[in-house]
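Q:
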Amino acid sequence: MAAPSDHQPSSPSAKEAKEGPGQTEDKGGSASNSALLHLLLNLAMLVIFAFLFVVARGLPDSAWEPLGAWAFPSFVLGALMLLNLAMIAQTLPRAIKEVRARRGEMPGIVRSALAEKKLVLLMLGLFGGYVAAFSLVGYAISTFLFIVIAQISVGPKTVRNAVAAVIIALVASVGVEYFFAKVLSVFLPGGLL
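Its first residue numbered 535, the sequence shown is counted upward by one per residue in my numbering.
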């Protein structure tokens, strides 16, 4: 029978058991695990939530809401800002260590993060375009274009997928607008054009 050795196994589970879950340092340079990128994301979200909080405070008073129309969005955005501050406080020490350890590698990590998150960034840009087009061309056209472009971008590049994207977009745009107008007597925005 072999005597137990004094050395510790170097498997990730043993390392994680020793240092605690999520406490192991990633030396592989993966952008997904970059504390600095997580910190920057949380800072950006904090700025967006703070802006929306200020905008929400300007919502007009409502006859049906005793606190005003601003109360609920302000509460939710305030809670999101507090959560972002907690995430920033948690991530900041690791981000500082990462910057010190990887001083020359940061441009590569940022490029890698953009490449890894290309699809997410594409969808975010498409959604931003959808929201911007909503008031200009209305619900039906902007929804149709958003769904077609998104489905063709994400799905396989085949004629069958393109036909399916057009059918789904027609149902989701024209069909939903017709349902709202005829059944619910609610008219979705028609746009300026």
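We put the CB at the ideal spot given by N, CA and C, even for glycine.
Everything numeric in this text was worked out from a predicted model, so none of it was measured.
Is it buried or exposed for A666, if we count other Cβ within 10 angstroms and need 16 for buried?
A: exposed
Q: Nearest CA to the CA of L580: which residue from V708, G689, L611, S707?
A: That would be L611, whose Cα lies nearest to the Cα of L580.
Q: Quick one: using the 10 Å Cβ neighbour count with 16 as the cut-off for buried, is F661 buried or exposed?
A: exposed
Q: Pull up the CB-CB distance for L670 and L586, whole angstroms please, since I reckon it's below 8 angstroms.
A: L670 to L586, Cβ: 22 angstroms. No contact.
Q: Shortest alpha-carbon distance to N618 belongs to which of N576, I681, V710?
A: N576
Q: Between the Cα of L573 and the Cα atoms of L616, A623, D595, which residue gives the shortest distance?
A: A623
Q: Does the Cβ of F583 have 16 or more other Cβ atoms within 10 Å, making it buried, or fewer, making it exposed?
A: buried
Q: Indicate the three-state DSSP secondary structure (helix, strand or coil) for P641 in the structure shown.
A: helix
Q: Helix, strand or coil for F606? Go by DSSP, reduced to three states.
A: The DSSP-derived three-state label of F606 is helix.
Q: Compare the Cα-Cα distances from G678 to each of A706, M657, R694, E632 and report the closest residue.
A: The question names Gly, yet the displayed sequence has Phe at residue 678. Nearest of A706, M657, R694, E632 to F678, Cα basis: A706.
Q: Restricting to Cα atoms, I'd like to know which of S608, S568, A698, A703 is closest to G642.
A: S568
Q: Got a sec? Which residues, its chain only, sit under 6 angstroms from V588 by beta carbon, not counting five neighbours each side?
A: none
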